[in-house]
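2 protein chains.
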Amino acid sequence: MEGETVKRLSMILMVAASSLVLVACGSNNKLGTNSGSNKTQLTGSDSSSNYQSLIKDGHYQVSKSSGVDDQQTSNQFNLQGFQHGLLDISKKEFSPDKYVFQEGQEISTETTQNWLGRKSKDNPDGLNPEQPKKKVVPEYLQQIDEQDYLQPEGGKMKLKGMTVGLGLNSIYYYTKEKYGAQYSKKLDSAEIEKQGKELANIVLARLRKQKDLKNIPIVIALYKAAPDDSLVGGNFFAYSVNNPGSDSVSSWNKIDQKNYVFPTTNGEKAPNANDETAFNQFKEKAQSYFPNLSGITAQAQYTNGSLTGMHIDVTTQFYSYTEINSFTQYLQTSAEKYLPQNTPIEINVGSTNGVQSYLSRSKNAKKFSAHVFNNY
Amino acid sequence: MEGETVKRLSMILMVAASSLVLVACGSNNKLGTNSGSNKTQLTGSDSSSNYQSLIKDGHYQVSKSSGVDDQQTSNQFNLQGFQHGLLDISKKEFSPDKYVFQEGQEISTETTQNWLGRKSKDNPDGLNPEQPKKKVVPEYLQQIDEQDYLQPEGGKMKLKGMTVGLGLNSIYYYTKEKYGAQYSKKLDSAEIEKQGKELANIVLARLRKQKDLKNIPIVIALYKAAPDDSLVGGNFFAYSVNNPGSDSVSSWNKIDQKNYVFPTTNGEKAPNANDETAFNQFKEKAQSYFPNLSGITAQAQYTNGSLTGMHIDVTTQFYSYTEINSFTQYLQTSAEKYLPQNTPIEINVGSTNGVQSYLSRSKNAKKFSAHVFNNY
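Structure below.
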C-alpha cells in the first residue's frame with residue numbers, strides 16, 4: 163500500500179513539474195487555479211484503484227464512440243457492464259497509478275456508425291455482413307467502446323495506450339419490414355467468438371493506420387451482450403494485448419466471467435450454491451421484518467468460478483423515515499451475518515419514489531457502511 | 163467518545179443479562195439465535211447517535227399513528243422532515259445510549275383518525291373545529307406521530323418515554339363541494355402557534371388517562387408543515403418536556419429551524435449568504451463539466467441561524483458508467499473545495515432512471531466519501 167502511494171505521488175510530482183495543472187486526490191488540490199490558455203486538469207481520484215480523468219478547459223471530453231449503438235440495445239445492464247468491464251480489463255495493462263483515463267477520442271462518431279453498419283456500396287467500411295435479399299444474415303457487432311490512457315510527456319498529456327471493446331450480439335433481433343413485428347435468432351457461442359476474433363483483427367489493422375496509434379499498446383476485448391430481457395448484463399470472454407506496431411492479434415487471453423440473478427430460475431445454477439443459500443437466508447430475514455416488502459433480488463458476478471461482486475435490490479413500498487432508518491440498521495446486521503465474505507457487495511433500498519437507503523462493503527472490509535437518504 | 167462507548171456497552175451488557183436477546187452493533191451479534199416464545203430483538207445500530215429499534219418475533223412493529231393524515235399532504239418532504247425532526251428532538255431527552263426506539267404503539271390508528279377529524283356529533287374527540295354551514299373554518303391539525311422510547315426492566319422492555327409530534331397546517335386546503343376546485347387559505351403564524359399549544363394541552367391530558375402513560379416523561383413538539391408545492395419540508399418551532407404525571411404543559415422551548423432551497427427565489431434570503439455563494443460556485447463548476455447537465459439544487463437547513471445540513475440533487479441525463487465515475491470524482495474534489503465546512507452534506511447524482519452515484523460527508527469530516535452505483 164505504501165509503495166503504491168509513493169509511486170502515485172511520484173507520478174503526481176512528475177506531472178506537476180510540467181506545465182499542466184494537476185488535481186491530486188486529497189483536499190490540498192489546485193483545481194481551477196490555472197488560467198493558462200491550454201488548461202488541462204485531472205478530476206482527482208478517490209482511491210488508488212480508480213483512474214483520474216482528463217478535463218480540458220473545464221469540460222469533460224465525452225466519448226466519441228460510446229453511445230453509438232447499432233441495435234439500440236434496450237438492456238441498460240449491457241451498456242453499464244460493457245463499460246465497467248472494459249475499465250477493469252484496462253487496469254490490468256494500464257495501471258491507474260501510471261495512466262490517466264480519457265473517454266475515446268480517436269474513433270470518431272461517424273467512423274463508429276459506419277463500422278457498426280452493414281457493409282454496402284454506400285458503406286464499404288461496415289463491419290457487419292452485407293444484407294442479401296430475403297435472407298436472415300445476423301449482425302454480430304453491436305457496439306464499440308474506446309478508452310484512452312494517457313501519460314505526461316514533454317509537458318503535455320500524450321496517448322500511451324488504448325483499449326477497444328467490441329460488443330457482440332448473443333441474439334440477433336430483426337424485423338421483416340419497417341416497423342414490423344420483431345423476430346429474434348439465437349447466435350451460436352462458438353460462432354460469436356470466431357466472428358469477434360476476426361473483427362478484432364480488422365479493427366486493429368484499421369487503427370494502426372492512424373499515425374498516433376501506430377506505436378502504442380492496444381488492448382482489444384470481446385463482450386457477449388445479454389438478451390434484451392435479461393436482468394443482468396453480458397460478459398467479456400476474451401481480450402488481447404497487442405504490442406506497439408503489431409497489426410494482427412497474435413494471442414487471446416480467456417476471461418471466465420458470468421453474471422447470475424438470485425434467486426435463480428429456469429434450473430440455472432450459480433457456480434457456488436453456498437452463495438445463493440446465503441443470499442436466500444438474508445432475503446428471508448429481511449422479508450420477515452416488514453409486513454409488506456415487495457421484493458429482494460441480486461445480481462451476482464462470478465470470475466473464474468468465484469463470486470467477485472454482488473448487487474442487491476430491496477424494493478419497498480413507501481416507508482417512513484424512522485421505518486427506513488430501523489430497517490437499514492437491521493439489514494446491516496443481517497448482511498454482516500449472512501452474506502458471503504470477501505466480495506464487494508452493495509445493497510440498494512428503494513421504492514418507486516427513488517432510493518431510500520443503501521449499504522455497501524468493499525472487498526476486504528468486514529463491516530457494511532450504511533446511509534439513509536435524507537431530505538429537509 | 164470512549165465514555166459513550168462504555169456507557170453504551172454497559173447498557174448492552176445490562177440488557178443482555180436479562181432474558182432478552184439483543185443484537186449489539188458489530189459483527190459479533192446474536193441476531194436470530196433465540197428460539198424462545200417471547201422473541202424480542204434489537205436491530206443493532208451503526209453509530210452511537212442512532213437508536214436501536216425493537217423487533218418482536220422477527221417483525222418490525224409499524225407505527226399506529228404515522229401515515230394517518232387528515233389532509234393527505236402531497237408533500238413528501240413534510241412527512242420525512244416531520245419524522246426525522248421528531249427523532250432529533252427525542253435524542254435530546256431520550257439518549258440513544260440509554261433508550262431503544264419503537265414506532266408509536268399507544269395511540270391507535272382509530273384514535274388518530276378521530277383526533278385528526280373535525281369535532282362532530284359522530285366524532286366528539288375530533289381535535290379540529292366543528293364545520294358550520296357555508297363558512298370556511300380552517301383545520302389546524304394535519305398529522306400526529308408518536309415515538310416510543312423503551313428501557314429494560316425486570317427482563318422486559320418497558321415504555322419509559324414518549325414523544326408526540328403535532329403537524330400543523332400553514333395553508334388550509336379545501337373544496338367547496340366534493341371533487342370541486344381546490345381553494346387555499348394561508349394561516350397566520352401566531353395563530354398556528356396558539357392553536358398548536360392548545361392542542362398539545364388537550365393531547366397531553368388525554369394521554370395521561372392511559373395507565374402506562376401516567377408516569378413517564380412525554381415530549382410534545384409542534385411542526386408547521388410547508389405548503390404542498392414547497393421544495394422543502396416545514397419546520398418544528400416549539401417543544402415541551404412534560405414530567406411524569408403532569409397533565410398540562412408548563413413551559414415551551416423554542417426551536418429556531420428553517421429550510422431553504424438553493425438557488426433561492428422570490429427574493430428569499432438564507433441566514434448566511436456565504437453558504438449560497440459557496441453552493442453557487444460548486445454548481446457552476448459542476449455544470450461546466452458536462453455539456454448537458456440538467457440541474458443542481460440544494461435543500462439547506464438552518465438551526466439558530468447556522469447551516470446544519472445540506473442535501474444536494476444533481477440531475478443528469480443518462481451518462482455512461484465511465485462518465486458518471488469521472489464526474490463523481492470531479493464532484494468530490496469540487497465539493498471539498500467549495501462547499502461549507504462543518505455541516506453534514508449529501509449529494510445525490512441521478513437521472514430519471516434512478517440514482518447513479520452519491521457523495522456524503524458527516525458533520526466533522528473533512529473529506530467526502532463517494533459511491534458509484536454498479537450493476538452487473
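For the protein sequence lines, the chains are A and B, in the order given.
Just so you know, we're using my numbering here: the first sequence kicks off at 163 and counts up by one.
Just so you know, we're using my numbering here: the second sequence kicks off at 163 and counts up by one.
Ideal Cβ placement from N, Cα and C applies to all residues, glycine included.
Item, Value
"Touching by the beta-carbon criterion (3+ pairs, under 8 angstroms), the region 469-478 of chain A and the region 441-459 of chain A", "yes"
"Phenylalanine 489 (chain B) vs alanine 460 (chain B) beta-carbon contact at 7 angstroms", "no"
"CA-to-CA distance, phenylalanine 263 (chain B) to arginine 397 (chain B), given in whole angstroms", "What sits at residue 397 (chain B) in the sequence shown is asparagine, not arginine. Approximately 22 angstroms between the Cα atoms of the pair."
"Within-7 angstroms CB hit, tyrosine 302 (chain B) to chain A", "no"
"Cα-Cα separation, serine 257 (chain A) to aspartate 307 (chain B)", "54 angstroms"
"Under 7 angstroms between C-beta atoms of isoleucine 333 (chain A) and serine 351 (chain A)", "no"
"Closest residue to proline 379 (chain B) among B:Glu272, B:Asn405, B:Asn466 (Cα-Cα distance)", "B:Asn405"
"6 angstroms Cβ shell around tyrosine 213 (chain B) - same chain, five flanking residues per side excluded", "Pro258, Phe263"
"DSSP three-state assignment for glutamate 339 (chain B), whether helix, strand or coil", "coil"
"DSSP three-state assignment for lysine 192 (chain B), whether helix, strand or coil", "Here the model assigns lysine 192 (chain B) a pLDDT of 27, short of 50, so the residue's position is not dependable, and the following value carries that caveat. Reduced to three states, the DSSP call for lysine 192 (chain B) is coil."
"Residues that DSSP places opposite alanine 532 (chain A) in a beta bridge", "A:Leu521"
"Positions along the region 438-453 of chain B whose CB lies within less than 9 angstroms of some CB in chain A", "Lys447, Ser450, Tyr451, Phe452, Pro453"
"Residue interval of the alpha helix (DSSP H) (run including asparagine 442 (chain A))", "435-451"
"C-beta contact flag for asparagine 363 (chain B) and valine 403 (chain B) at 7 angstroms", "no"
"Cβ-based contacts, 9 angstroms cut-off: residues of the region 376-395 of chain A near chain B", "Val394, Gly395"
"Own chain, CB closer than 6 angstroms to proline 389 (chain B), minus 5 neighbours either side, in chain order", "Ile333"
"C-beta atoms of histidine 246 (chain A) and tyrosine 483 (chain B) nearer than 7 angstroms", "yes"
"Cut-off 7 angstroms between Cβ atoms - residues of its own chain near aspartate 287 (chain A), not counting five sequence neighbours on either side", "Asn276, Trp277"
"Closer than 7 angstroms to chain B by CB, glycine 206 (chain A)", "yes"
"Lysine 528 (chain B), buried or exposed, once every other Cβ within 10 Å from all chains shown has been counted against 16", "exposed"
"8 angstroms CB neighbourhood of lysine 338 (chain B) in its chain, flanking five on each side removed", "Tyr345"
"Any non-hydrogen atom of the ligand COA within 6 angstroms of serine 413 (chain A) CB", "The ligand content of the structure shown is nil, which means the ligand COA is not present either."
"Opposing strand residues paired with arginine 280 (chain B) [DSSP bridges]", "B:Asn290"
"Contact set between serine 332 (chain A) and chain B, taken where Cβ atoms lie within less than 7 angstroms", "Within 7 angstroms Cβ-Cβ: nothing; serine 332 (chain A) doesn't reach chain B, min ~16 angstroms."
"Test: serine 456 (chain B) CB closer than 7 angstroms to a CB of chain E", "The chain labelled as chain E is not found among the protein chains of the depicted structure, namely A and B."
"Cβ-based contacts, 8 angstroms cut-off: residues of the region 397-412 of chain A near chain B", "none"
"Nearest neighbour of tyrosine 293 (chain B), chosen from B:Lys281, B:Gln494, B:Leu501 [CA to CA]", "A small correction: the amino acid at residue 293 (chain B) is glutamine; tyrosine does not occupy that position in the sequence shown. It is B:Lys281."
"Neighbouring residues, chain B, relative to phenylalanine 239 (chain A) (Cβ below 9 angstroms)", "Asn537, Tyr538"
"Glycine 471 (chain A), buried or exposed, once every other Cβ within 10 Å from all chains shown has been counted against 16", "buried"
"Neighbour list for isoleucine 306 (chain B) in chain A, Cβ cutoff strictly below 9 angstroms", "Per Cβ cutoff of 9 angstroms: no residues; isoleucine 306 (chain B) is ~13 angstroms from chain A at best."
"Every unbroken alpha helix (DSSP H) inside the region 349-400 of chain B [4 residues or more]", "351-370"
"Terminal residues of the beta strand (DSSP E) in which glutamine 461 (chain B) lies", "455-465"
"Selected residue, minimal CA-CA separation from tyrosine 422 (chain B), among A:Asn537, A:Lys296, A:Gln223", "A:Asn537"
"Start-to-end residues for the alpha helix (DSSP H) that takes in glutamine 491 (chain A)", "483-500"
"Whole-number beta carbon distance between leucine 501 (chain A) and alanine 440 (chain A), since they are thought to touch under 8 angstroms", "6 angstroms"
"Helix, strand or coil at phenylalanine 263 (chain A) [DSSP, three-state]", "strand"
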